[in-house]
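Following: one structure in structure tokens, then a few remarks.
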Amino acid sequence: MVVNEKNIALDVWKQVLNITEIPEEEDTFYSLGGTSLQLVEVLFVLKNRFSIDCTMRELMILENFGEFITLIKEKNKK
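Residue numbers (this note's numbering): 7 to 84.
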């Protein structure tokens, strides 16, 4: 099964934020109800479910869902 980066990003945000709607690329983590504590959960989900390593700093500087997809693409290449 091929999983693309947008689907990974979508799965992570839906799980962590407990949402059913599909975020728009300009939506922010916090505008969808996310907290800094949930951002830590994003780190763990990326690592444990998808073997993608990133730092809290990388997540904190993201402006929106579109940038989250781009980060996953960059990390998934490695």
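Backbone N, C-alpha and C fix where the C-beta goes; we use that ideal spot for every residue, glycine too.
Small disclaimer: the values here were computed from a predicted structure and weren't measured.
Alpha-carbon to alpha-carbon, residue j and residue i
i, j, result
"ASN82", "ILE58", "6 Å"
"GLU11", "THR41", "22 Å"
"GLN21", "PHE56", "13 Å"
"VAL8", "ILE14", "Because VAL8 carries a pLDDT of 49, less than 50, the predicted location of this residue cannot be relied on, and the following value inherits that uncertainty. C-alpha separation (whole angstroms): 11 Å."
"ASN24", "ASP17", "10 Å"
"GLY72", "GLU31", "4 Å"
Where the alpha helix (DSSP H) containing residue i begins and where it ends
i, result
"SER37", "Note, SER37: premise wrong, no alpha helix (DSSP H); not H, not E."
"LEU65", "62-66"
"ASP17", "11-23"
"ILE78", "71-83"
Nearest-angstrom Cβ-Cβ length linking residue i and residue j, presumed shorter than 8 Å
i, j, result
"GLU64", "LEU77", "6 Å"
"VAL46", "MET66", "Actually they are not in contact, since the Cβ atoms of VAL46 and MET66 sit about 11 Å apart, beyond 8 Å."
"PRO29", "LEU43", "Actually they do not touch by this definition, with Cβ atoms about 19 Å apart."
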